[in-house]
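Quick note, the sequence shown lines up with residues 1 to 206 if you use the UniProt record's numbering.
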Amino acid sequence: MVHVTHIHLVSVTGISVGILWKIFSSWHGPSARPILNALHLGSFALNFGTQHWVSFIAGPVMIMVLPRHKFGEVQSKLFPCFFALGTVTSSITLMTYVLKNPYVSWDTQNKIQVAMLSSNLVFSLLNFLVFGPQSADAMFKRHNLEQKVGVGHEVGFSVDRSELMKNPIYAAINKTFSRYHMASTFSNFLIMLDIMIVVSNVTSIS
């Protein structure tokens, strides 16, 4: 059985977007525009909805009802899919925008849109390839040490790790987890900011 890695998924996404680019960049028939519009709006809407659902509904609800280690396990399965979907949808949104708006016709607003959509893609890739996997790896190492002292079954944020933090190995792992988790959270915040700027620009068009 072939083990599918993040690199495989990114490669498939890149190839698929490249094929779509080749098809639509050479297709100038009357039916091309509606399909491009549908792909652009659909991918953007899916990205928008997923970002807000996971960030403001799914995540907060799960952390308030699941034991902390179980919450981490669920997130370790959910977030790769979440980051992969963000990468795919942001790739399609950027590609279709550029195809719909050729570079020669760009004004300041077009440049802002492309910058925001490109930023969305970059931070989605960082979450998918770097911050997400590194956070999960550190989290499971931390869980292993916590389980040995009976910590991790708490629901919510209340947990006493004062004794564990005296262990230099645990403290180092916790620091690594915090660093990558904060980077991922900040990237997600920037992605949502990019999305809101894009929406603001679209709605400002008279």
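Ideal Cβ positions, reconstructed from N, Cα and C, are used throughout, including at glycine.
Residues in its own chain within less than 6 Å of residue i by CB, not counting five upstream and five downstream?
{"i": "Thr96", "result": "Leu36, Leu39, His40"}
{"i": "Ile195", "result": "Phe48"}
{"i": "Arg123", "result": "For the sequence presented, residue 123 should be read as Phe rather than Arg. The residues are Ser187, Leu190, Ile191."}
{"i": "Ala183", "result": "Phe131"}
{"i": "Tyr180", "result": "Phe131, Gln134, Ser135"}
{"i": "Thr176", "result": "Ala138"}
Is the Cβ-Cβ distance between residue i and residue j less than 7 Å?
{"i": "Lys141", "j": "Ile173", "result": "yes"}
{"i": "Phe82", "j": "Val54", "result": "yes"}
{"i": "Pro34", "j": "His153", "result": "no"}
{"i": "Gln51", "j": "Asn201", "result": "no"}
{"i": "Leu94", "j": "Leu126", "result": "no"}
{"i": "His112", "j": "Ser43", "result": "One point to set straight first is that residue 112 is Ile, not His, in the sequence displayed. For Ile112 and Ser43, no; Cβs fall outside 7 Å."}
DSSP three-state label for residue i, please.
{"i": "Pro67", "result": "strand"}
{"i": "Val198", "result": "helix"}
{"i": "Val4", "result": "Here Val4 scores only 47 on pLDDT, less than 50, and its place in the model is too uncertain to base an answer on."}
{"i": "Val155", "result": "strand"}
{"i": "Gly150", "result": "coil"}
{"i": "Trp53", "result": "helix"}
Less than 7 Å between C-beta atoms, sequence neighbours within five positions excluded: which residues of the same chain meet that for residue i?
{"i": "Arg161", "result": "Val151"}
{"i": "Val199", "result": "none"}
Whose C-alpha, out of the options, is nearest the C-alpha of residue i?
{"i": "Leu46", "options": "Ser90, Val159, Lys77, Ala32", "result": "Ser90"}
{"i": "Glu73", "options": "Lys100, Val98, Ala138", "result": "Ala138"}
{"i": "Pro60", "options": "Thr176, Val155, Val88", "result": "Val155"}
{"i": "Leu121", "options": "Leu85, Ala58, Ser105, Glu146", "result": "Leu85"}
{"i": "His143", "options": "Tyr170, Lys166, Ser119, Ser158", "result": "Tyr170"}
{"i": "Phe56", "options": "Ser178, Thr185, Leu164, Asn167", "result": "Thr185"}
{"i": "Ser158", "options": "Ser31, Ala32, His69", "result": "His69"}
Can you name, in chain order, every residue of its own chain whose Cβ lies under 8 Å from the Cβ of residue i, other than the five neighbours on each side?
{"i": "Met64", "result": "Val155, Gly156"}
{"i": "Glu163", "result": "Val149"}
{"i": "Ile197", "result": "Ile112, Met116"}
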